[in-house]
Structure formats: structure tokens, C-alpha cells
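Okay, so the sequence shown: first residue is 182 according to this note's numbering, each after it adds one. Note that beta-carbon positions come from the ideal geometry of N, C-alpha and C, so glycine has one too. The structure displayed is predicted, hence computed values, not measured ones. Here the structure comes first, spelled out in C-alpha cells, and everything after it is commentary.
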Amino acid sequence: MKRLRKKKTGVNDLVWVLDSTLREGEQTPGVYFDKHIKLAIAALLDEIGIDIIEAGHPMVTTEIHAAVKSIAQKGYKSIVGAHSRSLQSDVDLALECGVGFLGIFYCVSDERLSDVFKKDLDSAIKQITDVISYAKSKNKNLLIRYTPEDTVRSQFENVVQAASAAVDAGADIISVADTTGYMVPGTDRSMYNYISRLIEELDKRNLHPRIAVHCHNDRGLALANALDAYRAGASIIDAAALGLGERAGIVDLAQLLTVLTIDYSVNRWNLSKLVGLYDLVSKHSGIPIPANFPITGKNAFTHCAGVHTHAASINPMHYESLNPEILGRPRTFALDHMSGIASLRYALNLIGENSLDDAHQHDVLCEVKSVGQRGRTVDLAELTHIVEAVKHHKTYNS
182 MKRLRKKKTG VNDLVWVLDS TLREGEQTPG VYFDKHIKLA IAALLDEIGI DIIEAGHPMV
242 TTEIHAAVKS IAQKGYKSIV GAHSRSLQSD VDLALECGVG FLGIFYCVSD ERLSDVFKKD
302 LDSAIKQITD VISYAKSKNK NLLIRYTPED TVRSQFENVV QAASAAVDAG ADIISVADTT
362 GYMVPGTDRS MYNYISRLIE ELDKRNLHPR IAVHCHNDRG LALANALDAY RAGASIIDAA
422 ALGLGERAGI VDLAQLLTVL TIDYSVNRWN LSKLVGLYDL VSKHSGIPIP ANFPITGKNA
482 FTHCAGVHTH AASINPMHYE SLNPEILGRP RTFALDHMSG IASLRYALNL IGENSLDDAH
542 QHDVLCEVKS VGQRGRTVDL AELTHIVEAV KHHKTYNS
């Protein structure tokens with residue numbers, strides 16, 4: 182079997198990011214992207230430098246099939262992929278789209294096999310391997326990922342047995358799915374330990390597929406679990422813009438790329454395109470970007486409290502650990518009830534106002550605080566109006 186990852190586990194710069202905004206993202210209740218919007222999203226993902234764009238599950242609707250086919254035909258640098266059940270009909274439809282990646286999934290837990298599929302593990306593995314072998318026979322260069330659905334809550338020995346058979350049948354990637362956001366770092370449900378153990382078991386069998394992780398965010402730990410997996414030797418991480426997906430979604434793409442770039446020194450992505458991607462996805466999904474969202478939220482690089490703005494105006498790194506310039510974003514200072522005279526003076530300088538004496542600067546600050554206590558912030562345009570009003574009052578009463 183061709184070696185696709187380093188045998189020794191641990192962080193390396195071979196990490197790939199798979200974006201699933203167009204597949205998992207559409208499993209967000211009420212979210213659907215029109216074909217032309219899917220093409221626009223895919224184009225931005227390609228510009229960012231995403232390794233694999235999971236464009237959809239062609240069997241779901243004829244519209245999704247058409248969109249996957251259109252995206253696959255664009256000639257992107259990114260590998261375009263499709264999702265597939267362990268059924269030959271799904272594989273045929275995906276291959277007809279011309280994709281270079283195929284994600285095949287099937288459960289191997291005893292409970293689900295018995296309750297839902299009414300079959301034993303051996304029968305399930307035969308179905309999985311037959312489909313993988315078939316897909317590989319149709320396109321020997323096709324990257325095939327096999328995912329044991331709800332991997333981390335399935336019997337570990339079942340996962341190892343199915344993964345080993347899948348690799349022998351031609352799978353290049355084994356994905357560990359935390360389908361319910363069950364894993365917790367630093368506990369006996371650690372993704373680091375799980376990935377380490379799985380790699381060790383596959384190594385014993387002289388099998389060395391790439392290991393991927395698909396982490397759901399039910400406990401708010403998707404990114405932490407994904408990074409745990411990466412440190413243990415996983416080299417493909419699934420993510421989606423805005424963290425869209427079933428229930429609480431999956432790993433947020435912008436947060437993942439920023440951490441990998443800044444904290445793990447993997448410098449392969451154009452982060453300046455993320456803001457445009459998120460604006461597009463937010464607009465057409467109907468899901469607003471939370472103001473306090475890391476990296477892409479409105480307030481992510483906005484300083485507010487007086488002590489913060491004073492220090493940040495002198496040296497931003499006093500109250501920042503990320504430079505907004507790497508994302509093509511500006512640093513901003515909010516004026517509201519928390520503002521002090523230093524932040525006001527900084528803002529006055531930004532609007533070119535240097536004629537107010539200390540007393541009238543205090544009057545402006547009082548008005549700013551009054552607006553802030555009504556639940557609003559004062560932007561530079563409104564600050565200009567407040568200054569003019571104070572000047573007028575000063576002239577009228579002098």
C-alpha cells in the first residue's frame with residue numbers, strides 16, 4: 182500500500198483542509214445554496230487554497246448533482262470531491278460528475294448494524310470493500326476516503342477491522358468521525374489518544390493511509406478536538422465556513438486556517454479571502470456571522486474599554502494576539518459607555534479634529550457615554566456630528 186502519511190505520529194506540515202460548506206453546510210436546517218452561489222463559494226475556496234472541496238452528495242437531488250458536476254469541471258487547483266453511501270449507484274453518479282475525491286461512509290457499530298441495517302459486521306465490511314474496489318477500478322487515480330460513521334462511539338475493534346479492509350480494497354484515507362461531538366480533550370474520550378491508537382493499530386498491519394477527522398461541535402470542542410487529532414498524526418481536517426452543519430455544526434474554517442497558519446506555521450492559505458467568503462456564505466445561507474465570532478466576527482478586532490483602547494492605540498499587541506492585517510481586516514476602536522478620554526482622543530485624531538480643549542473633549546465624551554448607555558456604539562461619522570453639536574453649543578453659549 183502506498184504510504185500517504187508519515188509513519189511516526191505528530192504534527193507535520195502535510196496537513197490538508199477539506200471544506201464541507203457545500204455538503205455538510207447544506208445539512209444546516211434551512212440552508213441551501215443555488216448553483217451559481219455554489220460556484221462562487223467554490224471559486225473562493227480555491228483562491229484560499231483549500232485542498233479538497235467537498236461539493237455535495239450527487240444522489241440527494243438532481244440540482245446537487247448538476248452543481249457538483251459544474252464545480253468538478255472548473256479546473257480548480259483544489260481537488261473537488263463528492264459524498265457517497267456504500268452503494269454502487271451513488272458511486273456511479275459521483276464518478277459521472279468527474280470528481281477527483283470520493284468520500285464513502287458506512288457504520289460499523291454493532292448496535293446500529295443490528296437495529297438499523299439488520300446485518301452483521303462481516304456483511305457490512307463486504308459491502309464497504311466491494312464499493313471501494315469498484316470505485317477504484319473505475320478510476321485508479323481517484324482519492325477514496327472511507328468513514329466509519331460515528332467512528333468514536335463504535336466498537337474500536339470494529340473500526341480497525343473495517344478500516345484495514347477498506348485500505349486493502351483501495352481506500353487512501355480513513356476518516357474518524359466524531360458525529361455527535363462526543364470527544365473531550367484531556368479525558369478518556371481524547372481525540373489525541375484515539376487517533377494515536379488507531380494509527381498504531383494500522384501500522385501493525387503495515388497499513389498507512391492518511392487519517393482524516395470530522396469533528397462536530399455539540400460541546401463547543403470541535404476545533405480543540407481537530408487540533409488534538411492533528412497533533413496525534415491526522416493529516417486531513419474537515420471544516421466549513423461559519424462552522425455550518427448538522428445541529429451545532431463542525432469546525433469553523435476561518436478559525437482552523439488561522440490557528441494552523443499562526444500557531445502551527447503552516448503557511449499555505451490566503452487568509453485575506455476569508456472575509457469575502459464568510460460574507461457570501463452568510464448572505465446566502467441566511468445565517469448571520471455572530472459579532473463576537475473569532476476571526477470573522479464584527480468585533481473580533483474591535484477594542485472597546487478605555488484601558489484596552491488606550492494601550493492598543495500605543496501598541497496593539499498589548500491586547501491582541503492576532504494581527505488583523507493577515508486577514509485583510511482593519512483594527513477598530515468602539516466608542517460607547519466604556520470609553521475613556523484616551524480612546525476618544527484617538528478617535529478625534531482619526532477624524533482630523535484637534536480644536537477641542539479639554540473641557541469640550543469631556544463634553545463629547547459625556548455624550549458618547551450617554552449614547553453607549555442606550556445600547557449603541559458611536560462610529561466616526563456620528564462622532565463628527567457630536568463634535569459639531571458640542572462646538573455649536575460652545576459658540577452659542579460663549
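Quick one: which unbroken beta strand (DSSP E) runs of 3-plus residues sit fully inside the stretch 389 to 469? Chain order, please.
As for any beta strand (DSSP E) of minimum length 3 sitting wholly inside the stretch 389 to 469, the runs are 391 to 396, 417 to 420, ordered along the chain.
State the start and end residues of the unbroken beta strand (DSSP E) segment that holds V348.
Here V348 belongs to no beta strand (DSSP E); instead the alpha helix (DSSP H) covers 337 to 350.
Is the CB-CB distance between A393 and I354 below 8 Å?
Judged by their CB atoms, A393 and I354 are nearer to each other than the 8 Å cut-off.
Quick check on the burial criterion: 16 or more other C-beta atoms within 10 angstroms. Buried or exposed for P469?
Here P469 is exposed. Its C-beta has fewer than 16 other C-beta atoms within 10 Å.
With DSSP as the reference, label A236 as helix, strand or coil.
In the structure shown, A236 falls within a coil segment according to DSSP collapsed to helix, strand and coil.
Please report how far the alpha carbon of T242 lies from the alpha carbon of L441, in whole angstroms.
Distance between the alpha carbons of T242 and L441: 35 Å.
Cutting at 7 Å between CB atoms, please list the residues of its own chain near T310, excluding the five before and the five after it.
Only residues of its own chain outside the window of five on either side were considered, and among them A346, A347, A350 have a CB closer than 7 Å to the CB of T310, listed in chain order.
Enumerate in chain order the residues of its own chain whose CB-to-CB distance from Q342 is below 8 Å, with the five nearest sequence positions on each side excluded.
Excluding residues within five positions, the ones whose Cβ falls inside 8 Å are V289, L302, I306.
For H264 versus G279, is the C-beta spacing smaller than 8 Å?
Contact: no.
Length of the line joining the Cα atoms of N374 and S335
Straight across, the Cα-Cα distance linking N374 with S335 is about 15 Å.
Residue from E382, I507, A422 with nearest C-alpha to S466:
Closest option to S466, judged by alpha-carbon separation, among E382, I507, A422: A422.
For S356, which beta-bridge partners are listed by DSSP?
DSSP output for S356 lists A393 as bridge partner(s).
How far does the alpha helix (DSSP H) with L276 in it extend, from its first residue to its last?
Note, L276: alpha helix (DSSP H), 269 to 277.
Work out the CA separation of K317 and E277 for me, nearest whole Å.
Distance between the alpha carbons of E277 and K317: 14 Å.
Which stretch, first to last residue, makes up the beta strand (DSSP E) that contains V261?
According to the DSSP assignment, V261 belongs to the beta strand (DSSP E) that extends over 260 to 266.
What three-state label does DSSP hand D384 in the structure shown?
Residue state, collapsed to three classes: helix.
What does the alpha-carbon distance come out to for the pair A247 and R370?
A247 and R370 have their C-alpha atoms spaced approximately 40 Å apart.
Rounded to whole angstroms, what is the Cα-Cα separation between V549 and L425?
Linking V549 to L425 through their CA atoms gives a straight-line distance of about 37 Å.
Going by DSSP in three states, Y327 sits in which element: helix, strand or coil?
The answer is strand: DSSP assigns Y327 an E or B state.
Counting C-beta neighbours from all protein chains within 10 Å, is the total for D460 16 or more, i.e. buried, or is it exposed?
Flag for D460 reads exposed.
DSSP puts V289 in a beta bridge; with which residues?
BP columns for V289 are empty, so no partner.
For P511, is the classification buried or exposed, using 16 other Cβ atoms within 10 angstroms of its Cβ as the cut-off for buried?
Residue environment for P511: exposed (fewer than 16 other C-beta atoms within 10 angstroms of its C-beta).
May I ask you to verify whether the stretch 401 to 418 touches the stretch 223 to 231, counting CB pairs closer than 8 Å and requiring at least 3?
Result no; under three Cβ-Cβ pairs closer than 8 Å.
Applying the criterion that 16 or more other CB atoms from any shown protein chain within 10 Å of the CB defines a buried residue, is D560 buried or exposed?
It counts as exposed.
Going by beta carbon distance, what residues of the same chain come within less than 8 Å of V212, once the five residues before and after it are set aside?
Same-chain partners within the cutoff: G206, L425, S466, G467, I468.
Need the endpoints of the alpha helix (DSSP H) that V312 sits in, please.
Residues 302 to 319.
Going by CA-CA distance only, name the one from A407, K300, V198 that's closest to D359.
That would be A407, whose Cα lies nearest to the Cα of D359.
Helix, strand or coil at F298 [DSSP, three-state]
Three-state DSSP puts F298 in a helix.
Could you give the residue range of the alpha helix (DSSP H) that holds L225?
Element bounds for L225: 216 to 229.
Decide if T190 is buried, meaning its Cβ has at least 16 other Cβ atoms within 10 Å, or exposed.
Because T190 carries a pLDDT of 41, less than 50, the predicted location of this residue cannot be relied on, and no value is offered for it.
Would I260 and G237 be called neighbours here (beta carbons separated by less than 8 Å)?
No, Cβ-Cβ distance for I260 and G237 is not below 8 Å.
For G284, three-class secondary structure by DSSP
Note: G284 maps to strand in three-state DSSP.
Candidates A405, N398, A344, D399: closest to E381 by CA position
Ranking A405, N398, A344, D399 by Cα distance to E381 puts A344 first.
Assign R204 to one of two classes, buried (16 or more other C-beta atoms within 10 Å of its C-beta) or exposed (fewer than that).
Burial of R204 is indicated by the presence of at least 16 other C-beta atoms within 10 angstroms of its C-beta.
For H395, is the classification buried or exposed, using 16 other Cβ atoms within 10 angstroms of its Cβ as the cut-off for buried?
Burial call: buried.
Classify L531 as helix, strand or coil using the three-state DSSP reduction.
Three-state DSSP puts L531 in a helix.
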